[in-house]
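In the numbering used here, the protein residues as written are 13 to 555.
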Amino acid sequence: MSTTTSQHGLESLPFENRFARELPADPISENTRRQISEACYSRVLPTPVTEPSLVAYSQEVLDLLEINLPESDHQLFADVFSGNRILSGMDPFAMCYGGHQFGNWAGQLGDGRAINLGEVVNSRAENWTLQLKGAGPTPYSRTADGLAVLRSSVREFLCSEAMYHLGVPTTRALSLVLTGEQVMRDMFYDGHPQLEPGAVVCRVAPSFVRFGSFQIFAARQDLVNLRRLADYTIRHDFPHLDHADDTPTKETYIAWFAEVCKTTAEMIAHWMRVGFVHGVMNTDNMSILGLTIDYGPYGWLEDYDPDWTPNTTDATGRRYRFGQQPQIALWNLLQLANAIYPLVEDAKPLEAALDDYSSLFKESWHRMLAQKLGWAHFRPDTDDSLTDQLFSVLQLAETDMTLFFRSLANVSIDADRVDAASNDQLLTPLRDVFYRHEQLTDEVQGQIAEWLRAYAARSRADGSTPEERRVRMLSANPKYVLRNYLAQMAIDKAEQGDMELVGKLLDVLRHPYDDQPENDEFSAKRPDWARHRPGCSMLSCSS
Ligand code: AMP
Ligand code: MG
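Below is the structure:
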């Protein structure tokens with residue numbers, strides 16, 4: 013992108029900092045760990061680090077912020093986005109919130125290692141908050157150190173941007189910086205702590221307010237601040253619901269909650285579309301804007317398995333397994349409804365919005381399923397059973413979800429060809445999508461082929477041209493996702509000091525729906541070495 017007049021060097025970035033200006037601050041300025049009441053945030057400075065160095069940045073996020081970053085500014089950039097240098101106009105603070113973790117109320121959490129630097133306003137009058145993750149302890153750090161390691165930072169950085177390019181609502185990632193320091197982590201909480209390279213990611217979003225931001229005030233029966241934060245959020249992030257100078261009414265809060273239900277439903281449908289498993293859908297990890305937030309032990313479905321969870325902490329209960337994400341989002345929305353109830357004092361409209369969530373999710377999911385399958389519309393009367401069958405068929409043999417849908421566009425739906433084809437011939441375009449060929453018995457192949465025949469018939473009845481079908485399918489079924497083993501390969505190399513694969517993946521994942529034949533290797537299904545390798549199939553919250 014060429015430099016335009018609206019671009020700024022780092023030193024002249026315009027900041028607005030509405031959150032800090034309009035909401036109550038913790039009056040205590042000491043950075044000590046404690047309970048903070050009647051405040052939305054605590055001012056706190058990042059902890060300086062010894063030797064910040066820039067690993068990667070997202071050009072698209074730079075463009076969003078209208079930052080001009082010549083190579084000569086790279087060190088300054090690393091200084092700023094490791095927290096070593098505070099730019100004029102920044103006003104750093106950590107936010108106060110609570111949340112339900114794994115279904116239990118956990119009290120005050122805050123994001124123990126997140127520090128907001130300030131809000132940049134671009135020439136389109138958009139307000140983007142910059143937030144460092146891993147820049148040292150805050151009053152919300154509880155017993156932890158406030159730091160982050162390279163491993164989890166690479167994962168957050170790459171996945172945020174990959175999700176954006178996939179068209180999934182998400183917070184963004186501006187930068188990935190090494191701190192030059194070592195951090196002790198016991199990756200599997202099994203008594204084997206090791207030193208790992210420390211890193212900081214700068215994430216970017218219009219707001220980092222979470223469901224838990226409201227829950228904390230409700231739990232403390234602090235209705236004054238509950239209302240302040242709700243009114244602030246509506247004023248700035250839902251301005252279309254705001255009636256000029258009027259303070260929000262009961263109806264405004266209801267309309268706001270209904271909208272949160274809608275954007276959340278849409279976000280979850282996208283997760284289900286691309287095979288993303290968040291792994292820790294605690295209410296503190298739910299954005300009020302319906303953005304995917306807090307990339308921790310997330311994972312991507314390899315073989316289609318609705319019961320899969322990447323998070324070892326979740327291995328027994330599987331609360332956050334892939335197939336349960338829509339229901340968990342509803343449970344989380346219910347907690348938000350409980351939290352804002354004092355603003356509405358009427359359960360019925362909140363219940364109605366929660367009821368609507370289920371139909372909104374279904375609507376979004378059906379729309380996306382139709383695209384994935386190449387149809388102009390989803391016809392619930394017939395398509396529900398056909399897609400249910402599909403999700404059973406996908407579990408007959410270990411089937412790579414991403415490759416299956418991508419390759420399905422190559423299956424002919426032409427009546428003569430389908431009628432003349434043997435099971436084996438019908439499955440030819442799909443040969444590569446199965447993990448274990450020995451599972452493809454005649455019986456299994458027969459069942460898959462039977463579904464393909466029904467699918468072909470349904471697709472012909474759709475009336476779309478082959479070109480329309482193909483375009484639809486290729487724009488809803490990515491070829492490239494941040495496969496668990498790819499992220500791990502980039503991490504292994506990065507830990508050796510080789511950052512090339514981080515940059516390469518960032519680049520490939522910019523165009524997840526394009527064929528990119530020169531990058532075919534990054535669309536390959538999980539190799540066998542990664543089947544049980546930590547980081548590839550099992551992840552923990554340690555980060
Ligand atoms: P999560 O499950 O990742 O959302 O984390 C739960 C809570 O623990 C959040 O408030 C995190 O910010 C906090 N936390 C996790 N790791 C650290 C750390 N190293 N230092 C301080 N707080 C942390
Ligand atoms: Mg969190």
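Using N, Cα and C, we set each Cβ at its ideal position, and we do this for glycine too.
Quantities reported herein were computed from a predicted structural model and do not represent experimental measurements.
Neighbour-count burial assignment, residue i, 16 or more Cβ in a 10 Å radius
i: S14; result: Reliability fails at S14, whose pLDDT of 47 lies under 50, so the model's placement of it is uncertain and the value that follows must be treated cautiously. Classification of S14: exposed, given that the 10 Å Cβ count is below 16.
i: I40; result: exposed
i: S24; result: exposed
i: E83; result: exposed
i: S471; result: buried
i: Y53; result: buried
i: Y201; result: exposed
i: M196; result: exposed
i: N496; result: buried
i: P524; result: buried
i: D319; result: exposed
i: E63; result: exposed
i: E455; result: exposed
i: G547; result: buried
i: P539; result: exposed
i: D431; result: exposed
i: D91; result: buried
i: S487; result: exposed
i: R285; result: buried
i: L517; result: buried
i: G203; result: exposed
i: F416; result: buried
i: I258; result: With the sequence shown as reference, residue 258 is identified as Asp, and Ile is not the correct amino acid for it. Its Cβ having fewer than 16 others within 10 Å, D258 is exposed.
i: K262; result: exposed
i: T414; result: buried
i: W541; result: exposed
Pair within 9 Å by beta-carbon distance, residue i and residue j
i: A230; j: I352; result: yes
i: V189; j: V67; result: yes
i: F220; j: A118; result: no
i: N489; j: A382; result: no
i: G146; j: V216; result: no
i: Q233; j: L348; result: no
i: F223; j: G311; result: no
i: R543; j: Q500; result: no
i: L99; j: F27; result: yes
i: L555; j: R184; result: One detail in the question is off: residue 555 reads as Ser in this sequence, not Leu. No.
i: S18; j: E72; result: no
i: D412; j: D315; result: yes
i: V520; j: G287; result: no
i: D317; j: Q401; result: no
i: H290; j: Y332; result: yes
i: L355; j: R239; result: yes
i: A51; j: C108; result: yes
i: V423; j: K537; result: no
i: G556; j: G124; result: Only positions 13 to 555 of the chain appear in the structure, and residue 556 is not among them; the question remains open.
i: P218; j: W140; result: yes
i: L22; j: L81; result: yes
i: T150; j: N29; result: no
i: D350; j: Q113; result: Reading off the sequence shown, one finds Asn at residue 350, where the question assumed Asp. No; because the gap between Cβ atoms is not below 9 Å, this pair is not in contact.
i: P209; j: E507; result: yes
i: T276; j: A341; result: yes
i: R45; j: Y176; result: no
i: Q528; j: K491; result: yes
i: F334; j: T321; result: yes
i: S95; j: G148; result: Reading the sequence as shown, one finds Gly at residue 95 and not Ser. Yes, the Cβ-Cβ distance between G95 and G148 is below 9 Å.
i: L551; j: Y244; result: no
Heavy atom of the ligand GTP within 8 Å of residue i beta-carbon
i: P58; result: Among the ligands modelled here, namely the ligand AMP and the ligand MG, the ligand GTP does not occur.
**OP:** Could you tell me which uninterrupted beta strand (DSSP E) segments, each at least 3 residues in length, are contained entirely in the segment 41-101, listed from first to last along the chain?
**Re:** 53-55 and 65-69
**OP:** Just jot down, in chain order, the residues whose CB lies closer than 6 Å to any heavy atom of the ligand MG.
**Re:** D123, D296, N297 and D306
Original post:
Does the segment 270-282 come close enough to the segment 371-385 to have 3 or more Cβ pairs within less than 8 Å?
Top reply: yes
Original post:
So does the segment 384-399 actually touch the segment 302-309, counting three or more Cβ pairs closer than 8 Å?
Top reply: no
Original post:
Below 8 Å, can you find three or more Cβ-Cβ pairs linking the segment 160-171 to the segment 305-322?
Top reply: yes
Original post:
If we count Cβ pairs, one from each stretch, closer than 8 Å, do we get three or more for the segment 61-78 versus the segment 511-518?
Top reply: yes
**OP:** Could you say if the segment 261-270 and the segment 354-371 meet the contact criterion of at least three C-beta pairs nearer than 8 Å?
**Re:** yes
**OP:** Please specify which runs of the alpha helix (DSSP H), each continuous and at least 4 residues long, are wholly inside the segment 480-548, giving them in chain order.
**Re:** 496-507 and 512-520
Original post:
Does the segment 425-437 touch the segment 450-468, meaning 3 or more C-beta pairs lie closer than 8 Å?
Top reply: yes
Original post:
Quick one: complete alpha helix (DSSP H) runs, 4+ long, within the segment 396-450?
Top reply: 413-420, 427-432 and 435-439
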